[in-house]
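The listed protein sequences derive, respectively, from chains A and B.
Each residue of the first sequence is one higher than the one before, starting from 0 at the first, in numbering that gives the first Met the number 0.
Each residue of the second sequence is one higher than the one before, starting from 0 at the first, in numbering that gives the first Met the number 0.
Ideal Cβ placement from N, Cα and C applies to all residues, glycine included.
Predicted, not measured: the structure shown is a model, and the values here were computed from it.
2 protein chains.
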Amino acid sequence: MNLRAIKPLNETQVRILDAAEELFMQHGFEGASMRMLTAKAGVNLAAINYHFGSKDALIEAVFHRRLDPMNVERIAHLDRLEQDAAGAPLAAEAIIRAFIGASLRMIEDARGGGRNFIRLLGRAYTEPAKPIRALIGQMYAPTMERFKAAFVKALPDLPKDELVWRMHFMFGTLAYTLAATDTVQLIAGAKPEDRYDARLLEDRLTAFMAAGLLSPLAGKINVKKAA
Amino acid sequence: MNLRAIKPLNETQVRILDAAEELFMQHGFEGASMRMLTAKAGVNLAAINYHFGSKDALIEAVFHRRLDPMNVERIAHLDRLEQDAAGAPLAAEAIIRAFIGASLRMIEDARGGGRNFIRLLGRAYTEPAKPIRALIGQMYAPTMERFKAAFVKALPDLPKDELVWRMHFMFGTLAYTLAATDTVQLIAGAKPEDRYDARLLEDRLTAFMAAGLLSPLAGKINVKKAA
DNA sequence: GTAACATTCAAACGTTCGTTTGAATACCGG
DNA sequence: CCGGTATTCAAACGAACGTTTGAATGTTAC
């Protein structure tokens, strides 16, 4: 699908990618300048252009390094589930966990850059710059198709456009939860320390999403074109 | 609560705010330059600094113009519901509608700038720049407290920290849905034209959120500190 | 050891950024 | 009609932006 990971990264490239992950997360893609990035990485200003070509290409590389393996893992997980089920329909909760588990496990990578990337990713979904949204979109498209097919099989009675909407809502819930840093504190006395208890968060997210996905049809909804 | 709306806006200020709403939504706060903004508004480059003081102050003004009345409306709606109920507990769906209705109704303001603002708002929740997140946070804090109290009364059996998490998830679902422009098309053959059928979208969102909010406790979740 | 290549480095490139200035014009109470 | 305030305007400010350059340094192969 992508031929990018075939050439291994040297140390300088890794340092740049790690710095970019953190600074893009903190300041956004435009807000993090080449000088900030190279200073944080401890490399020369010209190193990014030398190793990646341009700032935009660096942004691409940041996403490819983490997102490609993440989506591979998601699909592999789903394949395994279906194989074990041997034709029987999967539980919606299991499909949801196959999708969100890859993200949440990376959050536990506390000292590595994984957590930075996950929060960056949550923000990228609503990034204004078109090229970035397009990049994210094309990186996710095959995974989304795969999971949509799995949901269709698991929920044969749910109309397709209703499913699309509910997948959209689920995706939003996940994206926002990953991106949000201090918004929980808005609502109440937050305990940021257990936001990153990935196991607990996965349970809560799965319960919320599954309930929304399986909620009964209102009946009214399907008359939209009959009027 | 805020003393900003007391001085009426002249035409130049309104033109600037409208242009800012659209360009901030399309390009982000850093991506939309003073020259772009003033050109779109049809005013001189110096007009923003003259009328608002700085670009950052303009950003603040953009949010205050729409968000303050929106939160006033939300709380008024909730007050009315509780008054009509005369002490009886409210349905969770009704509280949810009181919150999301104000946003969704503004989407229907098709030719006005309301739709632009709503999509901008959806993005601002995950904005990297700290001052902007802080601004949004303090503008929302009282409303959040008010709605949290309403949910507590409506769902007395739901543990408080569980409620906070579910409110967080609901907020994310809404924010992402408002911000998303073409991400739905990721999932399947999307029909962007009915994304802005606010009535239908409100039904779908309410059903999804209410199901998540009311989903049964997994039991396991509460053992987190007992272990 | 030296030629060939890869990488790092300091410096500068032209452009665009947000903001400021001071003169020109519009508006308005007397 | 005039004096004073409010607004608009063209021009310029210094700073920061992403990128390029060419020399210096490291690395590898023979």
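Contact annotation for A:Glu29 against chain B: Gly27, Glu29, Gly30 [CB-CB distance below 8 Å, chain order].
In the structure shown, A:Leu89 falls within a coil segment according to DSSP collapsed to helix, strand and coil. Separation of the CB atoms of A:Leu66 and A:Ala19 is rounded to 14 Å, and the pair is thereby denied contact status at 8 Å. Cβ-Cβ distances below 6 Å link A:Ala31 to Leu22, Phe23 in the same chain, with the five nearest sequence neighbours on each side left out; the list follows chain order. With distances taken between CA atoms, B:Pro141 lies nearest to B:Arg73 out of B:Arg73, B:Arg64, B:Pro7, B:His50.
Non-local C-beta neighbours of A:Arg96 in its own chain, meaning closer than 7 Å and more than five positions away in sequence, comprise Glu201, Thr205, ordered along the chain. Secondary structure of B:Leu213 (DSSP, three-state): coil. Excluding its 5 nearest sequence neighbours in each direction, A:Gln12 has C-beta neighbours in its own chain below 7 Å: His50, listed in chain order. By the Cβ test, the segment 108 to 123 of chain B is not in contact with the segment 83 to 97 of chain B, since fewer than three Cβ pairs between them sit closer than 8 Å. Restricted to the segment 101 to 178 of chain A, the alpha helix (DSSP H) segments that are unbroken, complete and at least 4 residues in length are 113 to 123, 129 to 153, 159 to 178, listed in chain order. For B:Gly30, the uninterrupted alpha helix (DSSP H) segment begins and ends at 10 to 30. Against chain A, a Cβ distance below 7 Å from B:Ala148 picks out nothing, because the smallest value is about 10 Å.
Interface annotation, B:Thr176: in contact with chain A, CB-CB separation under 7 Å. DSSP places A:Ala40 in the helix class (H, G or I) of the three-state scheme.
In the assembly as shown, A:Pro88 is an exposed residue. Its beta-carbon has fewer than 16 other beta-carbons within 10 Å. At least one C-beta of chain B is nearer than 7 Å to the C-beta of A:Arg122.
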